Every structure is written in C-alpha cells, then in structure tokens.
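For the sequence shown, the positions run 395 to 1406 when the numbering used here is used.
We put the CB at the ideal spot given by N, CA and C, even for glycine.
As the structure is a computational prediction, the values presented were derived from the model and not from experiment.
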Amino acid sequence: MRIRRLTLAGFGPYKNEQSVDFDRFRDDGIFLITGKTGAGKSSILDAICYALYAGVPRYEGTQQQLRSDHCDSADPSFVELEFTVNGIDYRVHRTPEFERPKQRGTGTTKQAATAELSERVGDTWVGRSARAVDVARDLDRILGLSKDQFLQVILLAQNRFQKFLKANNEERQGVLRSLFGTERFEQLEDSVAEMRKALDAELAGALALIQLHAQQAAALLRLDETPTNPPSEWFRETLGALVAERDEARLAALSANAAVASAEEVYRALAELARMQKRRDGATATLATLADRQAQTDTDRLVVDAARRAAVVWPHLALKREADDTARVARTTEATARERYLRAPHPDHPADRSAGNADDHPADRSADHAADHLAEPVATLEVTIDELTRELGVLEQARAEEAELPALAAATGAALRAAERVETEFAEASTLLEELPGQIDAVNDELSEVRITASRQGESALALERAQRRLEAARLADTLAHSLRTAEANERECSAAHLDGARALDELLDRRLTGHAAELATALVDGEPCLVCGSHVHPAPSTHTSTPVSEGDILSARTALATLRSAMDSAHAATQTVATHRADAQARADDTSVGDCEQQLRSATAVVASVAAAGQRQAQLEAQLLTLRAELAAARESVEARASSRSAAARHLAEAQAAERAVTERVAQHRRGSATVAERMAPLRRRLDAARALLDARAQTSAREATLAHAAAVLATQLAEHAFSHDDQVVSARLPASEMARREQQIRDHEQASAAARATLAEAALVELPAEPVQVEVAADALAAARLRRDDALATQNSLDERCIHLQRIVTEALAQQAGSAKLRHEGQQLRELSSALQGQEPNTKRMRLETYVLAAQLEEIVAAANARLRTMTSGRFTLEHDDSLQYRKTQSGLGLRILDEHTGRSRATHSLSGGETFLASLALALGLAEVVTNQAGGITLDTLFIDEGFGSLDHDTLEIAMGTLDGLRAGGRTIGLISHVDTMKEQIPAKLQIRVTDRGDSEIEEQYSLE
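Shown next, in the form of structure tokens:
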C-alpha cells in the first residue's frame, strides 16, 4: 500500500486547502514533517487515518472535534486521500460532522458527515460508493487492515508503541486481540463453558425425571410414600408385585365369564319357546280374519276376468274407430282439393276449354265449366302437371337472370365507383408525395430540441433523490420533536417523584431517630437493668407519640427511592437519545422545514417528469421520423401503382355495362306484360300445386276406405271370440291399469296369507306346544346379575392391565434414564476439566487461557522479528524476551515482555530501560509487530510508513543508530515520513514538510524536496 496524495481543508489547525504530494518523496525515501509544537504535524497523520477509517487516534473514547476552529460558517471542511493498493489507484473524500448556522432562524444545526470512494480507470476517476457505510465496507475489502492494524504497521502514532512495550498482560492482550482477531478463541472458551452448563442441566433433568418416574410408579401402586432416588431393583420389584395382582384378576374374570355363558343359555331356551307360542297364536288369528273377507275376493275375481277379455278386444275397437275417422278426413280433403283446382286457371287463357276438345290445353280450363269436370280422369291431371312443369322450368331460368339484374347493376355501379376511387387515390398519392419532405424536416427540428432536454435525466434523478432524503429527515425531525416533548415531560414527572421519595425517606429517618427512646422502652422488664442507664427501676418509660418506624419501613423507603432514581435516570437517558436522534434528523434535512422540503421535492419531481416526458417525446419523434421516411418511399410506389390501376378500372366498367344490357333484354321477353317474371310464374305455380294436391287426395281417399273395411271385419271376429255382443260391453268391462293391479294384488294377498297361516299351524314344533305362555323374566334377571358381576371383574382386570402397561413403560424409561445419567456424569466431569483448562484454571499449570496461548505464539514471532533489529541498533546488548511465567498472586499470564541485558547476563523489566533505550526497544518492537501483522494480513506490501515518536529523547549516537535502521527500511522503494523538530534530523533529511503557523493562527504546509 502506498500513500500518494493528501488534500485537506478546514481540518484541525488547517483552515485553507492544503495539498501534499507524497510521490515526490519517493526518490528521497525519507522525509521529515517538522514545525513548531502544536503547529499541526500530527494532524497530517490524523487526516490520513480519518480519510481511511473515519476516526482519529487522539480522539478515541471522546467526541471527535475535527473541523478547524479557524473556519467561518461558509468555509469547507474535508479530507481527500489518494492511495494505491495492488497497482490500483483509489481516492477517498470525507467531510466531518460539524455545527453550522441554521439557514432560517437563529442557532446552529449539525452538518452530517459524508464519504465518497472513487477508483481511477484510465485517466478518469469513477465513483464506487457514496455512503459512509458502503465506503467503510469497500475500504475494509481493499485495505485488508483494521484501524488498529493500520496504526501499528503504517501510521505509528505518538507514544503508541512505547505503550505496547510497557503494557501489562491484560493491556497487551487487548492490543494483540484487535490486531490478530482472536476473539473466536474466547468465544470457544465460552462455548465450552456453556456446553458444561448445559450438560449439568441435562444431568439434573435426568435425575428429576427418574424421581418423577418413581412418583408415578408409587401412584400406580397406591403407595403412601415415594422413595428418593430409588435404585433399579425398586422399580423391578414394584413391577413384579403389580403383575401378580393382575394375574389374580384375570382368573376372577374368567370365572365370571363362565357364569354369564350358563345364564345366557337358559335365557335363550325360554325366549325361543315364547317366540314359537306367539307364532302359533298369530297364525290362528290370521285364518279367522281371511274367512270374513272371502266373498269380496270372489267378486274381484269376476271383475278382473271381464277386464282381461276387454283388454284383448279394445285395440281392435280402437283401430276401427281410428280408420273411420281417417276415411272421413280423406273424403273432406279430396273435396277441398277439387275446389281449389277448379279455382286456379292458366294466366295466359281467360277461360278453360272443354275437357272433350283434344286440341285444348288441360290446364287452361275455367271455373265456369267446373260442373263438367268433377270427375276429371287421373290421366288428364297428370298431362296438365307435366305441361305446367315444363313451362315453369323455362320461366325459372328467366327469373334467375332477372334476380341477377340488381347484382349486375350493382357491379356496374361498383365498377364506376372503383374507377372514381382509383382516380381519387391517384390524386391523393400525388399530393402526399409532395407534402412528406416538409413534414420530415419539421420532425428533425423538434427532435434536436427534445434530445437536449432528455440528456439531463441523471442530473434530475440525483436532485430528486436528495430532495426525498431531506423530506424524510424533516418529517422524522418533526415526529421526534413531539417525542422529545413527551420524553421531557416524563423526565420532569420522574424527577418530581424522586424528590417526593427522598422527602418521604428523610421524614421516616427523622421519625425513626425521635422514636428510639420509645422503642427501647418497649424492651424494659421490671427488675432487669436498662440497656442505656443500667437502672433496675423504670419509673417513667418513654412512649410513642406517633406510629413507630421500623427498620423494614426504612429499607422499603430506600428501595422505593432507588426504583424512582432508576426511573429518573432511564427517563433522562431516553430524553437524551430522542434529542440526539432529532438533531441528526435536522442535520440530514439541512435544518429545512417539512413544507420547504415538500416544495423542493415537488420542484425536483416536476423537473424529473419534464425530463422523462422529453425522453418519451424523443422516442416518439424518432419513431415518427422512421414512419415518415417509410411513408415517403411507399408514396412513390403508390403513385406508380395507382396509374396502372386507373386503366384497369376503365376496362372493368365497360365490361359490366355490356353484361347488364344483355340480361335486361332477355328478361323483358319472358315477362309478357307482367311486372316481373316471378309475377308471371305465380298463377302457374298455384295451378300446378292444386293439380298435384287433387291427384294426391284421390289416392289417399281410396286407401283410407280400404283400411276402414278391413278394421270393421276384424272387430266383429274379436267380439264373437271373447263373448261380447256389442262395442259398449267392451267399454264397460275395461278397468284402469291401477284399479286392475289393485284388485289382482288383493286376490294374491288373500291367497298367500291363507296358505302361510295354514303352513305355520302345520309345523310339528307348533303342534305340541303347551297352551299356557312361559315366563322369561326370571331368567332375564338372573342373566343381568351375572353380567354385572362379569363386568366388575373385567373392569378390575382392565384397570390392572392398564396400570401394568403404564408401570412397564415407566420402569423401562426409568432404567434407561439411570443408564444415561451415568454417561452424563462421566461426560460432565470431562467437560468441567476441559473448560477449566481453557480458562486458565486447574489443571492448567501455566494459568494461561486459550486465547492468551494463541496470542503468546504471535508475540513470540513479534519478539523474534523485533530482536533482528534491536540487536543491530544496540550492538547486541539488548534482546527482547517473551515471558510466560506465572505472575504475582497467580494472576493470568502468558503475554509478558522482559529485556535481556548481555552486559549483566540478566533479564529485567522493560520499564527499567532509559529513555533512549526505551525508544530503540519500542521502535524495534513496532517494526517487528508491523512485519508480523503484514504477513498475517496476506503479505501486503507497505510502501509508505509514518513514525510520530520522540526522537528528541535520543543522544547523538543513538539517533544515528535509529536513523540507520530507518534508512534500511527504504529498500524496495518504501517511503518513510518522520515527525520531529530535532535540528540534527532537519540537517540530515533534506526532504521536508514544513508546517508554518500564520499570523491568523492557522497553519499552512510548505513542501521542500532534495532536488530544489
């Protein structure tokens, strides 16, 4: 990682914009940041740290005050840092949070902090993230170092690594934990401890469950007492006792079942004898009833017989009546057809000719001769029908041509209109061809203007998003203002309640003190000494003048006061939280009211809408331009096509007019004075239809007369065969189907019932039955009693069976729980030992926790890297040692540091080093730590290093050694920045950043390079 450029303004002591190009120091390798005390040397490192991590080391644990006090309200405050990681250039821009005057009214409001991250692509900076949370996430991925790691390996802040050298075990553990992320090992310790607690709880649960099983077993056995933690033998013995009781109950149930079976057999025999007596008596009663109904049954048989014979004859009678009606209708139809025929003359002949004249047409007879043709022969009718059919055929063809006349006229009109339409289309196409070029030019002009407006889409969308965020923040600020008033009111109420509680406690304490004498007086006994004065005589003991106050009253009052104090503190914290949130919302809203924000949002929305409309209009115009160009090409083709269509339409019109004239002439020949051919055909059709109807009626009459004669002969034969002398007898004898079925069913029911009753009385088992009825009630009572005894025995057996099943399950589960609890005890002991060892307790003899053990290995690696430089800087005198010995009073150990002095051969505490020795040891330790952390972070390349330490505490020789060590770090193109005001270093290091304090009190940066 290489720091390339830093630009800042309104930050720390720097009011105006300052810029530092660190790339210009690459050739020198080492440059000095120098200036007066307080001028702002360390502020440069603060700015770098703030740009990358949004925080400054010197403000850890306090509120950051980053904006320069020299700035006016309109002055900007920002830090911009350019750096390179893995060959990629990045730029981060941050502005700190600060108070600014409100835009409206008096007072100040918070200006929210901002952050932006960009990446160089070619020669252009491309934005990657624009929110603080996104910038932090991207930088974490890019840098691969946490803030603490960065401060240990790149930016060595003032007094930071000397503190690590002299830290105690716990402080050093905190630093190493933040650098190497070993929290997971502490989490592992906690996880094992939680596992141990869970296993102990599981074991306790298992023992409780075994006791519960014992209580359940005792309840099933109806024992008065339950043993505590009973052994396995107790469970087995209780199960055996209950099984023996169940077996006895099963034998009793079997005996009761046998008694019920015997009683049921006696009851069934008596019940069967009573049933047979009931059947016999029922059959005797049925025969007596049937004898009373015999006469009616005989009458029904005679009526049914006559109805059956009438049913056979009835179809023939119906046929004869139907034939008679049909013949009558046929004769009437023939007379009607004859009258119609005589009234239908030929249209071309005013009167019919005589039927005897062979030269006359048979279809031309007149109604005046109707009497002479009543018996016109069938042959003459057929000739008339043939002649009329031929004549109508000729006229039908003429009628078809006549029907085509409207279509021909329409075709002629259509041809005429088509010719006119083609002429019009030709003219329109010619006009369109002349107008389209002008329309295309107009669309091109409008499209150019719309494209300019549509290009502002991104700018307008960004403005709309900012307006929406401000409105949301303003609304939240209004809501939080109401919440703040509520919280302040609640805080005042809680404060008043706390004050009342304090007053009440003070009153109780006063009453308690004034009532001590009365309280002692209550303990006085005659003849015994007073606890205060020692007198055995108590002439005037004190008494309570009010209700006495006890210690319990005082304790309750103190507890109530503590509760009120807690409520007051909570209310105050809630008020502060709401106030902070409201201030943050006001800052994000730029201290603008909701109404103003809404107006700004409406304006931004209107701009976005106009830009969007311009975009839509642009698409419409582009599509319209393509359409107009296509229409221009189509218009050219249309003019050419319309010219040829005009000639074809003229030819088609001439052909249609000729066809219409020819058909009109032929139709006129066939009309013969009639308005239409159809009008001339109508009387001919009526005469033809009348002739055909008369011929059909004559044939139908002959057929119906023959059918009637046959039906009358068949009916006479059927009447004789079935003993009927007249039609009326058949009609009288007929019965409806339902009545017929009813009488037949009554006859069958009478016969079946009589036969069944006689068959029942003839059964051998009924003949020998006793006349007196048997008594079944005694046997039924005996059976009920036996069944009750059987049910009681079965209930007892079932209860014992169920109790045995439950007890068997309980015993099985209890035995399994006892076996499992032994395993849990063993596992619990192992987990307790492991958890204690991980937490640095017995049996851990080193008193070293797991996380400390891991960090100790890292510390050994750091010490080894540091010693490689410390031996060189101290000419081999000092060596750092990792100290993992037990500490005083057996506190946790493992991360100690000591210094081995080769002059004495003894190791001693690091705080025993002199100022110069401490600086060298701290510098070596910091460089070693940086090397290890770098390797742990994936071996990143550190091309820039800043050191802000006390070089002024070194003598000349030690300073030379330190400078030599730092000079060796320049290998590979590394650039090192040192902060110091030591004159010797100013002389040795020509490349400088000179921090100068102006007359106004703010600071400025001047760059000096070795080549100048």
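- Judged by DSSP secondary structure, GLU1245 falls within the alpha helix (DSSP H) whose first and last residues are 1244-1267.
- Judged by DSSP in its simplified three-state form, GLY406 adopts coil rather than helix or strand.
- In this structure, THR1328 and LEU1289 do not form a Cβ contact; the two beta carbons are roughly 21 Å apart against a cut-off of 8 Å.
- Between the region 1072-1079 and the region 724-737 there are fewer than three C-beta pairs closer than 8 Å, too few to call the two in contact.
- Look at HIS1116 here: in three-state DSSP terms it is coil, with no helix or strand label.
- In this structure the region 888-906 does not touch the region 1026-1044; the number of beta carbon pairs closer than 8 Å is below three.
- With respect to the C-alpha of ARG952, the residue from ALA968, LEU902, ARG996 having the closest C-alpha is LEU902.
- Taking the CA atoms as reference points, THR1378 sits about 18 Å from MET1267.
- About 7 Å separates the Cβ atoms of ALA1315 and THR1304, confirming a contact at the 8 Å cut-off.
- The region 412-432 makes no contact with the region 466-473, as fewer than three CB pairs between them are under 8 Å.
- Nearest in C-alpha terms to ARG905, of all of ASP947, LEU870, ASP594, is ASP947.
- When C-alpha distances from ASP483 are compared across GLU513, GLY499, THR508, the shortest belongs to GLU513.
- Taking a contact to require three or more Cβ pairs closer than 8 Å, the region 661-672 and the region 1167-1176 qualify as touching.
- In this model, GLU596 and VAL1205 are separated by some 20 Å (Cα to Cα).
- Taking a cut-off of 8 Å for Cβ pairs, the region 1128-1135 and the region 690-704 touch, as three or more such pairs fall below it.
- When rounded, the separation of the alpha-carbon atoms in ASN563 and SER1287 is 7 Å.
- Contact annotation: the region 998-1009 touches the region 838-853, with at least three C-beta pairs closer than 8 Å.
- Within the model, the alpha-carbon separation for LEU1323 versus ILE1256 is close to 5 Å.
- The shortest CA-to-CA distance from HIS1350 to any of GLU1381, ILE1373, GLU866, ASP1342 is the one to GLU1381.
- The Cβ neighbour count for GLY852, taken over all protein chains shown within 10 Å, is under 16; the residue is labelled exposed.
- Restricted to the region 1309-1384, the alpha helix (DSSP H) segments that are unbroken, complete and at least 4 residues in length are 1309-1330, 1350-1362, 1377-1382, listed in chain order.
- Between LEU1387 and the set SER437, GLY406, PHE405, LYS409, the nearest pair of CA atoms involves SER437.
- The DSSP assignment places complete alpha helix (DSSP H) segments of no fewer than 4 residues inside the region 1145-1218 at 1158-1161, in order along the chain.
- Here THR502 carries a strand assignment [DSSP, helix/strand/coil].
- In the DSSP secondary-structure assignment, GLN412 is bridged to LEU402.
- Residue pairing for TYR484: DSSP places it in a beta bridge opposite PHE477, GLU513.
- Assigned with DSSP and collapsed to three states, LYS430 falls in coil, not helix or strand.
- Segment contact: the region 858-867 against the region 979-986, three or more CB-CB distances shorter than 8 Å; contact assigned.
- As the crow flies, the alpha-carbon of SER1306 is around 9 Å from that of ILE1293.
- By the Cβ rule, the region 1018-1026 does not count as touching the region 535-550, because fewer than three pairs are nearer than 8 Å.
- Rounded to the nearest whole angstrom, the C-alpha separation of ALA1262 and ALA1318 is 8 Å.
- The beta carbon of ALA1029 lies closer than 8 Å to those of ALA823, LEU826, LEU827, LEU830 in the same chain, with the five residues before and after it left out.
- Ranked by Cα distance from PRO407, the options ALA968, LYS557, GLU781, ASP1393 are led by ASP1393.
- Looking at GLU659, GLY599, ILE604, the one whose alpha-carbon comes closest to that of ALA1180 is GLU659.
- Residue pairing by DSSP puts ALA1303 in a beta bridge opposite ARG1292.
- Here the alpha carbons of SER626 and ASP641 stand approximately 23 Å from one another.
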